[in-house]
Amino acid sequence: MKVIAVASQKGGSGKTTLAGHLAVQAEMAGAGPVALVDTDPQGSLSEWWNEREAETPLFARTSIEKLKADVERMDRMGINLLIIDTPPAITETIANVLTVADLLIIPTRPSPHDLRAVGATVELAEGLDTPLIFVVNGATPRARITGEAAIALSQHGTLAPSILHQRVDFASSMIDGRTVMELNSASKSSEEITKLWSYIHERINKMPVSMSSHISRSPKPANGFGAQMASV
Ligand SMILES: Nc1ncnc2c1ncn2[C@@H]1O[C@H](COP(=O)(O)OP(=O)(O)OP(=O)(O)O)[C@@H](O)[C@H]1O
Ligand SMILES: [Mg+2]
81 MKVIAVASQK
91 GGSGKTTLAG
101 HLAVQAEMAG
111 AGPVALVDTD
121 PQGSLSEWWN
131 EREAETPLFA
141 RTSIEKLKAD
151 VERMDRMGIN
161 LLIIDTPPAI
171 TETIANVLTV
181 ADLLIIPTRP
191 SPHDLRAVGA
201 TVELAEGLDT
211 PLIFVVNGAT
221 PRARITGEAA
231 IALSQHGTLA
241 PSILHQRVDF
251 ASSMIDGRTV
261 MELNSASKSS
271 EEITKLWSYI
281 HERINKMPVS
291 MSSHISRSPK
301 PANGFGAQMA
311 SV
């Protein structure tokens with residue numbers, strides 16, 4: 081199992097949007113079973129998941145105290161990918177999440193405020209040796225600041241080549257628990273997510289050692305996820 085954390089100190093940068101979209105896209109692309117964890121007290125991801133009709137991705141309810149043990153349990157249960165959404169602050173929660181993460185995704189809007197806020201998240205990830213990828217989100221097509229933000233970010237770490245633009249369906253699709261791909265698989269926003277997932281997938285596949293490979297494995301059960309995999 082690979083574990084992806086989505087974090088950034090800046091509120092509204094697109095953490096929850098990305099966590100939900102990447103989980104659904106990973107599942108659609110055959111990288112499942114995918115599970116989601118929401119560590120943000122605002123609970124936006126769990127609210128989205130509660131509105132969802134589709135059964136996948138799974139949603140795992142846990143707490144920071146139990147996170148490590150639950151991550152290990154999900155791995156043993158046969159989850160292939162876990163995506164963890166986090167709150168918009170540098171808190172102990174994020175530090176805890178990063179200790180179980182193989183990769184950190186930092187969504188950043190192309191604005192000076194967002195760019196200034198990136199430093200704290202990057203420092204935390206570097207301190208814990210967690211590889212990171214920046215994703216520019218909410219870009220305005222053809223705006224010069226997008227290119228400038230991309231250059232600034234790439235000086236601090238790896239920048240995903242697929243930029244997510246400001247498109248109303250990223251917000252509207254999530255109202256009833258869906259994603260842009262489930263609204264219209266041929267839309268520009270769907271294409272952006274598909275490309276972004278391909279890139280991230282390639283990155284995590286190339287990672288030789290996953291956190292979960294340190295965990296002793298036991299045979300995968302044939303059915304269900306037991307009491308630990310619960311809907312909220
Ligand atoms: N690319 C986009 N195009 C249009 N709307 C977007 C885009 N990305 C995010 N949004 C909208 O912007 C708002 C903030 O996004 P989101 O909730 O994903 O950010 P967040 O980082 O999780 O916020 P918080 O820090 O509060 O947890 C939401 O209303 C979401 O629907
Ligand atoms: Mg959020």
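In this text, residue positions in the sequence shown follow this note's numbering: the first is 81, and each later residue adds one. Glycine included, each C-beta is placed from N, C-alpha and C at the ideal position.
Assumed close pair residue i, residue j - CB separation to whole angstroms, cut-off 8 angstroms
| i | j | result |
| --- | --- | --- |
| ARG189 | SER93 | 6 angstroms |
| ILE243 | THR226 | 7 angstroms |
| GLN105 | ALA169 | With 8 angstroms as the limit, GLN105 and ALA169 do not qualify as a contact, their Cβ atoms being about 27 angstroms apart. |
| THR201 | THR119 | Incorrect: roughly 14 angstroms between the Cβ atoms, too far for contact. |
| LYS69 | VAL180 | No statement about residue 69 is possible, as the shown extent of the chain runs from 81 to 312 and does not include it. |
| ALA219 | HIS193 | Contact flag wrong, Cβ pair sits at about 15 angstroms. |
Straight-line gap, residue i to residue j (C-alpha atoms, nearest Å)
| i | j | result |
| --- | --- | --- |
| ILE255 | TRP129 | 10 angstroms |
| ALA205 | ASP182 | 11 angstroms |
| VAL151 | MET108 | 22 angstroms |
| PRO187 | ASN217 | 6 angstroms |
| SER292 | GLY199 | Since pLDDT at SER292 reaches only 47, below the 50 mark, its modelled position is unreliable, and the value read off the structure follows with that caveat. About 28 angstroms. |
| TRP277 | VAL86 | 13 angstroms |
| SER124 | ARG141 | 13 angstroms |
| ALA240 | PHE139 | 26 angstroms |
| ALA223 | ASP249 | 20 angstroms |
| GLY257 | GLY207 | 35 angstroms |
| PRO121 | LEU184 | 20 angstroms |
| ILE163 | SER267 | 24 angstroms |
| ALA230 | PRO211 | 18 angstroms |
| LEU345 | ILE280 | A query on residue 345 cannot be resolved here, the shown segment of the chain reaching from 81 to 312 and no further. |
| MET81 | LYS286 | 13 angstroms |
| GLU228 | ARG196 | 13 angstroms |
| ASP165 | ALA111 | 19 angstroms |
| PRO137 | ILE84 | 14 angstroms |
| THR97 | GLU127 | 12 angstroms |
| LYS146 | PRO221 | 42 angstroms |
| SER269 | GLU135 | 23 angstroms |
| SER253 | GLU133 | 13 angstroms |
| PRO167 | ILE144 | 12 angstroms |
| SER298 | SER191 | In this predicted model, SER298 has a pLDDT of only 36, less than 50, meaning its place in the structure is not dependable; the value taken from the coordinates is given anyway. Near 47 angstroms, if we compare the C-alpha coordinates of SER191 and SER298. |
Which residues DSSP lists as bridging residue i, in chain order
| i | result |
| --- | --- |
| LYS82 | LEU161 |
| ALA219 | HIS245 |
| PRO187 | VAL215 |
| ALA115 | LEU138, LEU162 |
| LEU239 | PHE214 |
Pull every residue with its beta-carbon under 7 angstroms away from any heavy atom of ligand 2, and keep them in chain order. LYS95, THR96, ASP120, GLN122, SER124, LEU125, ASP165, PRO168
Count Cβ pairs between the region 254–270 and the region 230–238 that sit closer than 8 angstroms; are there 3 or more? no
Using 8 angstroms as the threshold, is the region 269–281 in touch with the region 95–104, meaning 3 or more CB pairs across them? yes
Count the CB pairs spanning the region 149–163 and the region 114–125 that are closer than 8 angstroms, and state whether there are at least three. yes
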